[in-house]
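As structure tokens, the structure follows; a few thoughts come after it.
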Amino acid sequence: MRPARPLLESPHFLSLLLLGAVAWSLTGVAWGEPLLHTGGGDSALDMLLALFPPDLSPAFLLVCLQAAWHTLSIALASITLAVLIGFPLGVMASGALVSPDSRLRAPLMLSSRFVLGTVRSIHELVWAVLLVAAIGLSPLAAIVALGLPYAGILGRIYAEFLEDTPEEPLTALRSAGASSWQTLVFGRLPMCTPDLVSYTFYRFECSIRSAAILSFVGIRGIGYEIQLSLGDLLFSQVWTLLLALLAIVALVDFWSGRVRQSLLES
Amino acid sequence: MIETREPTGYRQRQRRKLTFARLSFYTFLALIAVAWAYIFVEGDSGFTLLLEGRTWDNAGKFLTRLAGAGQDERPAFLQPEQWWATGRLAYNTLAMSVLAIGIAGFGAFLTFIFAARNISSGSLGGTPSRLGAAVYYFLRILYAFTRAVPELVWAMLIVFFLSPGILPGALALGVHNLGIMGRLAAEVVEDMDPAPARAMRASGAGIFQIFLYAILPQTLPHFITYLLYRWEVVIRTTVVVGFVSAGGLGLEMRLNLSFFHYDQVTLLILWYLLLVTGVDFLSAWMRKMARFE
Amino acid sequence: MPNGYHSTPGLKDATAPLAVVDNVTKTFPRVTALDHVALTIGAGERVALVGPSGSGKTTLLNLLSGMAQPDSGVVAVGGRDLSHNLPRRELSSLVGIIHQQLDLVPQLPVVHNVLAGRFGHWGVLRSFLSMLWPQDYHLAVAALQQMGIADKIQERTGHLSGGEQQRVAIARTMVQSPLLVLADEPVSSVDPARAQEILQLLLALTEDTGRALVASMHTPYLVSQFFSRAIGLKDGQVHFDIPAPELTQAIQSDLYGLGQEESIPHQD
Ligand SMILES: Nc1ncnc2c1ncn2[C@@H]1O[C@H](COP(=O)(O)OP(=O)(O)O)[C@@H](O)[C@H]1O
Ligand SMILES: [Mg+2]
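Chains as they are written, first to last, in my numbering: chain A, 82 to 347; chain B, 8 to 300; chain C, 2 to 269.
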């Protein structure tokens, strides 16, 4: 009596598929061996208890502040690079600059999309490892390592925003004799400025977290200090640093929320 | 009277808002300028290296060795046995990413409903209680903390007590994504159309039935879609977490870099790109299914 | 007795009115939506609420359904005061409401939206089982058959047309089988032919002795055709309470000062 729906369309099928995948992944865990290190439980407990209280001595807070600024400056520099690379590529990928019937359009859009896609698919830390191996350890390596994948992400999203602008005002501009450039500068860009700005801000927030973990290849900053404190088993310092990271990210999150709100309301 | 007052008030508010956005923009530009100045002044920024021929020589050498040129034997990425040997690592990496998504998904799925304000306030069903409010704040803080700490830092902490393998890496990724997923899912519940849930309550449904038949059907497609999006991010990050958690492609990549086995590194990066592309493809396919259209 | 419809649970006192609204006032921050309203509705009555938009019809229906509580006064159905926290099972057998927006879950198959009318009778386990294997399936089939859309039982509710979704909502109430059926503007957004069908289906819900229907309406000729009593609301007060056949004439001669244009069929 119950007409069966096609198996692939059933919501239960997808849920089962996902559950099956997770069950499969569990087989990859070495269940035979102890999951904890010897004494691992104790270190976990030590780590947890060190939160009460975190290390709030003035000397260490100064270290924290310096590390936070290091991380922040790398994030700021790399987001600049990302915008400088991502924006032109994003404009090209959106096809806004070439007329719809130009023969250049498809190759231009596809090639810029390909570049954006490639730099994006490699994680910033993999970029960092490769760049450090190629040009040595320096802030430059970190900035480029962060800037490339972020340019890929920003470029793709910029292109999407530019494509999604409503067509009517643009047609009006074009019929008034505006060139592709003029349509871009006086039509598309002003219309999606709030989206562009708030998305860039959101990515800046992400880049702070990313900059923090570049410590792994030896770049100074919050992650670097976390590694040092962990090495010395100074867990209460680790907590201070984690809380500092949390505070910066929350602050930027709050700021970007306010900017987004004011841009949308105006 | 009111009609003449309101528009001007509105315009004033608008001007203030605009200045806030503008002010933020200039502050941001100033911050960027200070940051660049600091990077150049503070020590060796690395930019001077760009002017030295030696740097470019090294970079060139690095690239040719990645390409496998200048070595006696055939580069690793042209040997099928090597592909086979490292395939095991790729397999583990994939398992790690799926396990991570499983941990994040289960954790978020079990908690997100209590982290939605319209549930804890009882406006959809159930009764408001002190406990509900306390759980709400606890979960929101937990989500904020787990997602503010990057995956790699979680991994550094977790390897302190968990034995190496795919579990510590998966746990690190899972915990970070739990915060992201939990918040997203709770917000979906908060933005949900409350009318069907209220109507169900009126026709005699209890809180569990409302959850199962009104909240879940409306939120599950979003939940699964986000989860699949996160999987795409997680597979990229799995390699990175592998650097410290001793599992999958990441550790091997790091070892080969320090032993200067650059052709092996290329092979691992190729596997990595294959995994990333494959997962992107799978995720897009499943997301299409998740729309249940 | 229509298919899939349960027999009427007997009232404790057959002579008592089915629903009592006693001196009820309901205010919202800016307006008094209901101002000292008093009504009784007997079993077997088919009551149309008429009145301009904003006169308090929806508010009154919500109070009768137990979804909202009055600021003062009492609303009782089947002898039970709705302000007391009635067990959900009992409340669901007393009143059922069909809102203008229908309030169906668009992502679910039709069968689950219809069976939502049974939730008052199910425990946790049964509700969970039903997700995988619909419980009381025959009730859903019978109700949908009567609505003429039995073939849509497995379809996604959001994919149905507006008229079909309205039938799903009526089927849900049929499965719920309450004594008092409330409908908020059931025909204000359908064409006249469809309106007749919908009203017929709603009447079928309350055909058994001991039940009653209250619906807010905008179309005088439909009121005189299908209802037994018309209650006019204006500014939150009962403005008139007359046998339905008199409504058309009352409006034509503007006996109650409702103003012609406001009672003429309109859609909002
Ligand atoms: N949730 C609410 N909050 C504030 N005011 C409301 C609310 N619901 C109804 N009202 C007001 O109560 C009055 C009666 O509304 P309603 O019962 O919806 O009238 P009707 O259904 O007859 O159009 C209106 O003035 C309306 O604005
Ligand atoms: Mg109304």
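In this text, a Cβ means the ideal position worked out from N, Cα and C, and glycines have one as well.
These numbers come from a predicted model, not from an experiment.
Legend entry - Nearest-angstrom Cα separation, counted from A40/B out to Y231/A: Cα to Cα, the separation comes out at about 19 Å.
Legend entry - Residue-level contact to chain A via CB, A207/B, 8 Å cutoff: Residue identity check: residue 207/B is Met in the sequence provided, not Ala. It does not: the Cβ of M207/B has no partner Cβ on chain A nearer than 8 Å.
Legend entry - Listed by chain order, chain B residues near R212/C by CB distance under 8 Å: Residues of chain B with a Cβ closer than 8 Å to the Cβ of R212/C do not exist, since the nearest Cβ in that chain sits about 16 Å away.
Legend entry - Enclosing beta strand (DSSP E) for P244/C [first to last residue]: Counted as a single uninterrupted DSSP element, the beta strand (DSSP E) harbouring P244/C occupies residues 238 to 244.
Inset, instruction - Apply the 10 Å Cβ neighbour rule to Y33/B and answer buried if 16 or more other Cβ atoms are within range, or exposed otherwise. - result: Its Cβ having fewer than 16 others within 10 Å, Y33/B is exposed.
Inset, instruction - With a threshold of 7 Å, establish whether the CB of T59/C neighbours any heavy atom of ligand 2. - result: Indeed, a heavy atom of ligand 2 lies less than 7 Å from the Cβ.
Legend entry - Cross-chain neighbours of D51/B in chain A, by beta carbon under 7 Å: Ordered by position in chain A, the residues that pass the 7 Å Cβ test against D51/B are S219.
Inset, instruction - Tell me whether E186/C counts as near ligand 2, meaning its Cβ is closer than 7 Å to at least one heavy atom of that ligand. - result: In terms of side-chain proximity, the C-beta atom of E186/C is found nearer than 7 Å to a non-hydrogen atom of ligand 2.
Legend entry - Contact with chain A by T273/B, beta-carbon distance below 8 Å: Answer no: the Cβ-Cβ gap between T273/B and chain A never drops below 8 Å.
Legend entry - Under the three-state DSSP convention, the category P88/C falls into: Of the three classes helix, strand and coil, the one that applies to P88/C here is coil, per DSSP.
Inset, instruction - Report whether the distance from the Cβ of V29/C to the nearest heavy atom of ligand 1 is below 7 Å. - result: Before going further, note that residue 29/C is Phe rather than Val in the sequence given. In terms of side-chain proximity, the C-beta atom of F29/C is found nearer than 7 Å to a non-hydrogen atom of ligand 1.
Legend entry - 7 Å Cβ shell around E205/A - same chain, five flanking residues per side excluded: Taken in chain order, the residues that qualify are A226, L227, P230, S291.
Inset, instruction - Give the C-beta separation of F227/C and R47/C to the nearest angstrom, bearing in mind that I take them to be a contact with Cβ-Cβ under 8 Å. - result: Sure, about 7 Å apart at Cβ, within 8 Å.
Inset, instruction - Excluding the 5 residues preceding and the 5 following S261/A in the sequence, name in chain order all residues of the same chain whose CB lies nearer than 8 Å to its CB. - result: Within the same chain, S261/A has close Cβ partners A177, L178, V179, S180.
Inset, instruction - Assess, as a yes-or-no matter, whether the stretch 132 to 142 of chain A is touched by the stretch 296 to 304 of chain A under the definition of 3 or more beta carbon pairs within less than 8 Å. - result: Verdict: no, contact absent.
Inset, instruction - Measure from the C-beta of M296/B to each C-beta in chain A and report whether the shortest distance is under 8 Å. - result: Interface residue (Cβ-Cβ distance to chain A less than 8 Å): M296/B is classified as such.
Legend entry - Three or more C-beta pairs below 8 Å linking the stretch 123 to 130 of chain C and the stretch 104 to 114 of chain C: With contact defined as three or more Cβ pairs closer than 8 Å, the stretch 123 to 130 of chain C and the stretch 104 to 114 of chain C are not in contact.
Inset, instruction - Whole angstroms is fine: what's the gap from T118/B's alpha carbon to G129/B's? - result: If you take the alpha carbons of T118/B and G129/B, they lie about 16 Å apart.
Inset, instruction - Check whether the Cβ atoms of L234/B and I110/B lie closer than 8 Å to each other. - result: At least 8 Å separates the beta-carbon of L234/B from that of I110/B.
Inset, instruction - Taking E156/C as the reference, give the member of M218/C, V111/C, Y138/C with the closest Cα. - result: Comparing Cα-Cα distances from E156/C to each of M218/C, V111/C, Y138/C, the minimum goes to V111/C.
Legend entry - Beta-carbon neighbours of T152/A, restricted to chain B and to distances below 9 Å: The premise fails here: T152/A is roughly 11 Å from chain B at the closest Cβ pair, so nothing lies under 9 Å.
Inset, instruction - Check whether the Cβ atoms of M199/B and T226/B lie closer than 8 Å to each other. - result: The answer is yes: Cβ separation under 8 Å.
Legend entry - DSSP state of H37/C mapped onto helix, strand, coil: Strand at H37/C.
Legend entry - Within-8 Å CB hit, F215/B to chain C: Residue-level contact by beta carbon holds for F215/B and chain C, with a gap shorter than 8 Å.
Legend entry - H7/C at chain B interface by Cβ criterion, 8 Å: In this prediction, H7/C scores a pLDDT of 45, lower than 50, which makes its location untrustworthy; the coordinate-derived value is nonetheless stated afterwards. No, its Cβ sits nowhere closer than 8 Å to a Cβ of chain B.
Inset, instruction - Give the DSSP bridge partners of I99/C, in chain order. - result: Looking at the DSSP output, I99/C sits in a beta bridge with A184/C.
Inset, instruction - Return helix, strand or coil for G45/C, following the three-state DSSP convention. - result: In the structure shown, G45/C sits in coil (DSSP, three-state: anything other than H, G, I, E or B).
Inset, instruction - Consider the Cβ of T118/B: report whether some Cβ of chain A lies at a distance smaller than 8 Å. - result: Under the Cβ criterion of 8 Å, T118/B is not counted among the residues facing chain A.
Inset, instruction - Give a single yes or no on whether A49/C has its beta carbon closer than 7 Å to a heavy atom of ligand 1. - result: Checking the 7 Å criterion, the Cβ of A49/C is out of range of every heavy atom belonging to ligand 1.
Legend entry - Endpoints, beta strand (DSSP E) assigned at T153/B: Looking at the DSSP string, T153/B is not in any beta strand (DSSP E); the run it does join, the alpha helix (DSSP H), is 137 to 155.
Legend entry - V32/C: CB within 7 Å of a non-hydrogen atom of ligand 1: Yes - ligand 1 has a heavy atom lying nearer than 7 Å to the Cβ of V32/C.
Inset, instruction - Kindly say whether E306/A, judged by its beta-carbon, lies nearer than 8 Å to any beta-carbon of chain B. - result: No - not a single Cβ of chain B is within 8 Å of the one on E306/A.
Inset, instruction - Tell me whether S170/B sits in a helix, a strand or coil according to DSSP, three-state version. - result: Coil, per DSSP.
Inset, instruction - Verify the CB distance criterion: does A122/B have a CB-CB separation below 8 Å to chain C? - result: With a threshold of 8 Å between beta carbons, A122/B makes no contact with chain C.
Legend entry - chain C contacts made by the stretch 80 to 94 of chain B, where a contact means CB separation under 7 Å: Correct list: empty, as no residue qualifies.
Legend entry - Contact between the stretch 91 to 101 of chain B and the stretch 241 to 256 of chain B (3+ Cβ pairs under 8 Å): A contact exists between the stretch 91 to 101 of chain B and the stretch 241 to 256 of chain B.
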